[in-house]
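Residue numbers for the sequence shown follow the numbering used here, so the first one is 23 and each next one is one higher.
Don't be surprised by glycine CBs; every beta carbon is placed ideally from N, CA and C.
Because the structure is a prediction, the values reported are computed rather than measured.
To start, the structure itself, in structure tokens.
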Amino acid sequence: AEQRLLTYFPVGGSVELLLSRKNPNASVSSDIAVATKKKLSACDRDANDLRSQLEPLSTPQLRKRLDRTFGIQYEDNDEHAYDRDLIMQRLLQCYSSNNNGIQRSVRHEHGVALDPTLLKEVL
Numbered sequence: 023a024e025q026r027l028l029t030y031f032p033v034g035g036s037v038e039l040l041l042s043r044k045n046p047n048a049s050v051s052s053d054i055a056v057a058t059k060k061k062l063s064a065c066d067r068d069a070n071d072l073r074s075q076l077e078p079l080s081t082p083q084l085r086k087r088l089d090r091t092f093g094i095q096y097e098d099n100d101e102h103a104y105d106r107d108l109i110m111q112r113l114l115q116c117y118s119s120n121n122n123g124i125q126r127s128v129r130h131e132h133g134v135a136l137d138p139t140l141l142k143e144v145l
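This is the structure:
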């Protein structure tokens, strides 16, 4: 069991394994499900929501945007530098305060129809 755990959790070569009697009332999978919140996929998010637009960006990209757009920097050794939720909240607060409460405008663009002969070649 220790070797299998090491393949899943490589932590420097040793694992402390604590065995206990099975509790029939405990459900590990349900505990894990409660601890982790379900994230929406891109097709399920509201495209007009700023958070939905920022969600695909990595934490370093969010930090870079916070720095370049609003001049707020986090040092790499700062305990909050890689806290995604905190960085996202801070960025959303900055955008909100920068707009002075004004609702962001939504721009709708209409595409151009392809020539049917080109469409056949593409598909």
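Membership of I109 in the alpha helix (DSSP H) is indicated by the continuous run R106 to N120. Within the same chain, and ignoring the five residues on either side of L88 in sequence, the residues whose Cβ sits closer than 6 Å to its Cβ are I94 and L113. Taking the CA atoms as reference points, N99 sits about 15 Å from T81.
The alpha carbon of R85 has as its nearest neighbour, out of E97, Q75 and L72, the alpha carbon of E97. The Cβ-Cβ distance between N70 and V144 does not fall below 8 Å. In this structure, L62 sits away from M110, with a CB-CB distance that is not shorter than 8 Å. Between the alpha carbons of D66 and R73 lies a gap of roughly 13 Å. The straight-line gap separating the alpha-carbon atoms of S118 and E101 is approximately 25 Å.
Separation of C116 and L141 (C-alpha to C-alpha, rounded to the nearest whole angstrom) is 43 Å. P138 carries a helical assignment under DSSP once its states are collapsed to helix, strand and coil. Within the same chain, Cβ atoms closer than 7 Å to the Cβ of L108 are found at H102, the five residues on either side in sequence being excluded. Apart from the 5 residues on each side of it in sequence, Y104 sits with its Cβ closer than 8 Å to the Cβ of T81 in its chain, given in chain order.
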